[in-house]
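Visitor: Just so you know, we're using numbering that gives the first Met the number 0 here: the sequence shown kicks off at 0 and counts up by one. We put the CB at the ideal spot given by N, CA and C, even for glycine.
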Amino acid sequence: MKTKKAILTTASILTLSVCSLLPVATVSASSQEISVEYDGNSVTPRSDYKEWIYKVENGKIYKRLYNASTASWIGDWIYVGEYTG
């Protein structure tokens with residue numbers, strides 16, 4: 000146990016001494032003025048908005064994917080399970 004502690008202590012001291020010998024790099028940032036112009040157009044999303052629509056029919060729950068962006072259905076009704084409400 001003492002050997003592990005001695006090895007860890009030596010490794011820590013060596014790591015700290017090596018880090019102190021490394022040169023320090025400084026980075027200076029120049030300030031630039033950025034102008035943004037607004038042309039009055041609104042932002043439009045690039046992906047469609049999709050949501051699951053659920054229905055209960057004869058005590059059974061079904062779901063179907065609906066694309067609200069294009070107002071169209073995706074796929075068929077999928078059986079989810081029995082309605083216990």
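What is the residue span of the beta strand (DSSP E) that residue 66 lies within?
Guide: Reading the sequence shown from its first residue, position 67 is the one you call residue 66. Its beta strand (DSSP E) spans residues 59-66.
Visitor: From this set, 62, 79, 81 and 83, which residue's C-alpha is nearest residue 73's C-alpha?
Guide: By one-based count along the sequence shown, residue 73 stands at place 74. Ranking 62, 79, 81 and 83 by Cα distance to residue 73 puts 62 first.
Visitor: Using CA coordinates, which residue listed in 69, 3, 78 and 6 is at the minimum distance from residue 45?
Guide: Position 46 of the sequence shown, counted from the start, is the residue given in the question as residue 45. Residue 45 has its Cα closest to that of 69, out of 69, 3, 78 and 6.
Visitor: With a cut-off of 8 Å on the beta carbons, I'd call residue 54 and residue 64 a contact; round off their distance for me.
Guide: In the sequence shown, counting from the first residue as 1, residue 54 sits at position 55. In the sequence shown, counting from the first residue as 1, residue 64 sits at position 65. So it is not a contact: roughly 13 Å between Cβ atoms.
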